[in-house]
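These protein sequences, in sequence, are chains Z and E. For the first sequence, the tail end lands on 1130 under this note's numbering, and the numbers increase by one without skipping. For the second sequence, the tail end lands on 1247 under this note's numbering, and the numbers increase by one without skipping. For every residue, glycine included, the Cβ atom is placed at its ideal position computed from N, Cα and C.
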Amino acid sequence: MTTTAVPAAGAPASGAPAIARRASSNRETWVALGFILPTVFGFVVFYLWPSLRGLGLSLTDYQFFSDTSFVGLANYQRLLTDETFWNAMLVTVWYVVLNIGFQTVLAVLLAVLLHRLTRSVVIRGLVLLPYLVANVVVALLWFWMLDAQIGIVNQVLSWFGIGPISFFGSESWAIPTIAFVNTWRHLGYTALLIFAGLVMIPRTLYEAGRVDGASEWQMFWRITLPLLRPVLALVLVITVVGSFQVFDTVAVTTMGGPADASRVIQYYIFDLAFERLDYGYASAVSVVLLVILSVIAFVQLRLMRANESDLA
Amino acid sequence: MVTVDADVTAAPTSRTPGREAGGPTPGRVLAWACLVVIILITLFPFYWMLRTALSNGTTLATAGSSWLPVDFTWGAFRRVLGLATLEEAQAEGGTGSAVDFWVYLRNSVLVAGLITAGQVFFGALAAYAFARMRWPGRDLVFFVLLTALMVPPIFTQLPNFLLMRDLGLVNTYAGLVLPFFFMTPFAVFFLRQFFLGISREIEEAARLDGAGHVRTFFRIIVPMSWGPITTLALLQYVQAWNEYFWPLLVGSERSVRTLTVALGVFRAQTPQGNPDWPGLMAATLIAALPVLLLFIAFGRKIVDSIGFSGIK
């Protein structure tokens, strides 16, 4: 209210709207609070408080059925010498590398094919189909198709004199297999994200390229890929953060085996908390996972921002 | 924070820069061949799921690579749905143990339905307050909510499990639903984008007619935004339907077990040597069916929303 210096006589006249406005903006604030109340409640109770509690738990030896005591950073010290943890880290990183490798290359290929060849929503829908089906369903389906004895994949491989391969049952195949299965599920989704980025690239650039005599191949490397960088960075954040948390497929197919070969970090946390009832330690591992994912997201979002100008 | 402002309702403006009037070139034929192969690899497992579900379990192993159902029978569906007698089930390689499929189906419908209703309703309220109302601290609160997008679910789910246990809500519908019921940052973000685009004049006209914010919201904004609201509901329903980790933690008991958890249990109980593959595939197919039906009915909405949901 900047119009306070008014003559006494004029005060009621010009003051009234100001007061009314303030009252109405007060009322707006209250209504707004009412509107966001359930959301804020949900945030505080199921996001904020659990986050703080998780940090707190990671400093205890909480085990469900025995007395709990504060152990400081002991859980984190234990991590340093926990071979299963480091193995889980290694396995997870191996999974992430394979999954992201398959997925990004194939998704860019698929997105470019879709973009160049057809505007059919039906085709885009078909490639998205696996993404809509539950992880558990996908895991069971491939568990059957990749069965060592009578699975169709091994049947087909046998026509070429290959196999049989125990996809889920061998230490070297378990993680690549899970990475492949999840690539199958997510490929369409990732491709459509990239497709959305392709649509934003101005058509005139391609026309100019064609006038200059550039081949499709050159246009892909010189126009498409550079302009896609911000979208690719975003897609990478999503897929890396998502694939670090692989759980469902492992839980349904290999349960971490054989011999810890597929005991990824999230399955290890689940195992610690609910099988070994070592809740405090499990919390510490989940804090480490949080930190890793935050760093990845932060770094990648910074990279994305650095490249943002490309599309401007 | 994130800058994917694609308009979801608008049909994708996918002009295909590569599309030329000329006939097929070797490059285009090759590109189409690639696309067809990808689509086949995407769709074949669904066919194989159906083919196996319609096969007879006892003779399946003798014709592992038969392209048609082996010894065609509806038996697998009948025993999954609890319609087959013990003898019938065992004659076709099933275990004859009760599956309680209808209970799990009911649980999944109920849980996914409640979660979706809560997320969409409260999400819409909050999104309106963030998009259309002025109140102190609005942008800060919004930013804080969005940071919850970056927190990996497992980090909050361990402490949330303890909260549910302390409240006595483990193995109840409330326990399954509550953590997701009041908010997901995605719903708020998603709807806010649309509400931001609604013209002020419409609201001002309503204001002149004496409507307050609550009335404006329910009578004008919600009906106007029916498209995005349906899209959001679809996305959240599919996600809630497919959720595995949380229902596994708090809904392990038969009476509240959802389909995804039931499938995991079903798989864990099948004997290692000779699993009832037709039974498993029939169950996975039925578990995927609601999503497949939603996909057939609303495929375009789902496909169009993917470019947007890149912030997930």
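Return the first residue and the last residue of the alpha helix (DSSP H) that V1049(Z) is part of. Within the first sequence, residue 1049(Z) is the residue found at index 231, counting from 1. For V1049(Z), the uninterrupted alpha helix (DSSP H) segment begins and ends at L1043 to S1061.
How many angstroms separate the CA atom of F888(Z) from the CA atom of L1040(E)? Counting from 1 along the first sequence, the entry for residue 888(Z) is found at position 70. Counting from 1 along the second sequence, the entry for residue 1040(E) is found at position 105. When rounded, the distance between both Cα atoms is 43 angstroms.
By the criterion of Cβ-Cβ separation under 7 angstroms, what are the contact partners of T1219(E) in chain A? The question asks about chain A, but that chain is absent: this structure's protein chains are Z and E.
Contact with chain Z by M1118(E), beta-carbon distance below 8 angstroms: Your numbering for residue 1118(E) matches position 183 in the second sequence. For M1118(E), the answer is yes, since a Cβ of chain Z falls inside 8 angstroms of its Cβ.
Since F978(Z) is in the alpha helix (DSSP H), which residue starts that stretch and which ends it? Numbered from its first residue, the first sequence carries residue 978(Z) at position 160. From DSSP, F978(Z) is part of no alpha helix (DSSP H); its letter is neither H nor E.
Kindly give me the distance between the Cβ atoms of L1093(E) and S869(Z), rounded to whole angstroms, as I take these residues to be in contact under 8 angstroms. Numbered from 1 along the second sequence, position 158 holds the residue referred to as residue 1093(E). Numbered from 1 along the first sequence, position 51 holds the residue referred to as residue 869(Z). Actually they do not touch by this definition, with Cβ atoms about 11 angstroms apart.
With three or more C-beta pairs closer than 8 angstroms as the rule, is the segment 1076-1087 of chain E touching the segment 1163-1176 of chain E? As far as the Cβ criterion goes, the segment 1163-1176 of chain E does not touch the segment 1076-1087 of chain E, which means the pair count is below three.
Just to confirm, are Q921(Z) and T1057(Z) a CB contact at a threshold of 8 angstroms? Your numbering for residue 921(Z) matches position 103 in the first sequence. Your numbering for residue 1057(Z) matches position 239 in the first sequence. Yes, the Cβ-Cβ distance between Q921(Z) and T1057(Z) is below 8 angstroms.
Given a cut-off of 8 angstroms, decide if V1082(Z) and T910(Z) are closer than it, judged by their beta-carbon atoms. Counted from its first residue, the first sequence places residue 910(Z) at position 92. Counted from its first residue, the first sequence places residue 1082(Z) at position 264. Here T910(Z) is near V1082(Z), since their CB atoms are less than 8 angstroms apart.
Proximity of L866(Z) and I1241(E) at Cβ, strictly below 8 angstroms: Residue 866(Z) sits at position 48 when you count from the first residue of the first sequence. Residue 1241(E) sits at position 306 when you count from the first residue of the second sequence. With respect to the 8 angstroms criterion, L866(Z) and I1241(E) are not classified as neighbours on the basis of their beta carbons.
So, is the C-beta of M1099(E) closer than 8 angstroms to a C-beta in chain Z? Position 164 of the second sequence, counting from 1, holds the residue named residue 1099(E). It does not; no Cβ of chain Z falls within 8 angstroms.
Name the chain E residues that come within less than 8 angstroms of V945(Z), Cβ to Cβ? As a working note, residue 945(Z) is residue 127 in the first sequence. For V945(Z), the neighbours in chain E by C-beta distance under 8 angstroms run, in chain order, I973, I974 and T977.
Out of Q1063(Z), L1052(Z), T1072(Z) and G1074(Z), which has the shortest C-alpha to C-alpha gap to F1116(Z)? By 1-based counting over the first sequence, the position of residue 1116(Z) is 298. Of all alpha-carbon atoms in Q1063(Z), L1052(Z), T1072(Z) and G1074(Z), the one lying nearest the alpha-carbon of F1116(Z) is that of L1052(Z).
Could you give the distance in angstroms between the alpha-carbon of T1001(Z) and the alpha-carbon of R871(Z)? As a first step, residue 1001(Z) is located in the first sequence; it is residue number 183 there, counting from the start. As a first step, residue 871(Z) is located in the first sequence; it is residue number 53 there, counting from the start. Going by the C-alpha atoms only, they are around 34 angstroms apart.
Could you tell me the distance, in whole angstroms, from the CA atom of L944(Z) to the CA atom of R845(Z)? Here residue 944(Z) is taken as the residue at index 126 of the first sequence, counted from 1. Here residue 845(Z) is taken as the residue at index 27 of the first sequence, counted from 1. Looking at the two C-alpha atoms, the distance is approximately 49 angstroms.
Which of helix, strand or coil DSSP assigns to T1119(E): If you number the second sequence from 1, residue 1119(E) lands on position 184. Residue state, collapsed to three classes: coil.
According to DSSP, simplified to helix, strand and coil, what is T1072(Z)? Here the question's residue 1072(Z) lines up with position 254 in the first sequence. In the structure shown, the three-state DSSP call for T1072(Z) is coil.
Beta-bridge partners of T878(Z), as assigned by DSSP: Within the first sequence, residue 878(Z) is the residue found at index 60, counting from 1. In the DSSP output, where bridge partners are listed per residue, T878(Z) has F888(Z).
Any beta carbon of chain Z sitting closer than 8 angstroms to that of T993(E)? As a first step, residue 993(E) is located in the second sequence; it is residue number 58 there, counting from the start. For T993(E), the nearest beta carbon of chain Z is not closer than 8 angstroms to its own beta carbon.
If you drop the 5 nearest sequence neighbours on each side, which residues of the same chain put their C-beta closer than 6 angstroms to that of A956(E)? In the second sequence, residue 956(E) corresponds to position 21, counting from 1. Here the model assigns A956(E) a pLDDT of 45, short of 50, so the residue's position is not dependable and the matter cannot be decided.
Three-state secondary structure (DSSP) at L1095(Z)? Reading the first sequence from its first residue, position 277 is the one you call residue 1095(Z). If DSSP states are grouped into helix, strand and coil, L1095(Z) belongs with coil.
In its own chain, which residues sit with a C-beta less than 6 angstroms from the C-beta of N1106(E), not counting the 5 before and 5 after it? As a position in the second sequence, residue 1106(E) is number 171, starting the count at 1. Answer for N1106(E): E1188 and V1191, listed in chain order.
Quick check on DSSP: helix, strand or coil for L1111(E)? The residue labelled residue 1111(E) in the question sits at position 176 within the second sequence. Three-state DSSP puts L1111(E) in a helix.
Nearest-angstrom beta carbon gap, L1131(E) and A1059(E) [assumed within contact, 8 angstroms]: If you number the second sequence from 1, residue 1059(E) lands on position 124. If you number the second sequence from 1, residue 1131(E) lands on position 196. Their Cβ separation, rounded to whole angstroms, is 13 angstroms, which puts A1059(E) and L1131(E) out of contact at 8 angstroms.
Does DSSP put G1242(E) in a helix, in a strand, or in coil? The residue given as residue 1242(E) occupies position 307 in the second sequence. In this structure, G1242(E) counts as coil in the three-state DSSP scheme.
What runs of the alpha helix (DSSP H), each 4 residues or longer, lie entirely inside the segment 890-960 of chain Z? Whole alpha helix (DSSP H) segments, 4+ residues: 892-898, 901-935 and 939-950.
Does DSSP put T1067(Z) in a helix, in a strand, or in coil? To locate residue 1067(Z), count along the first sequence from 1; it is residue 249. DSSP places T1067(Z) within a helical segment (H, G or I) once states are collapsed to three.
Return no unless some Cβ of chain E is closer than 8 angstroms to the Cβ of W962(Z). Here residue 962(Z) is taken as the residue at index 144 of the first sequence, counted from 1. True, the Cβ-Cβ gap to chain E drops below 8 angstroms.
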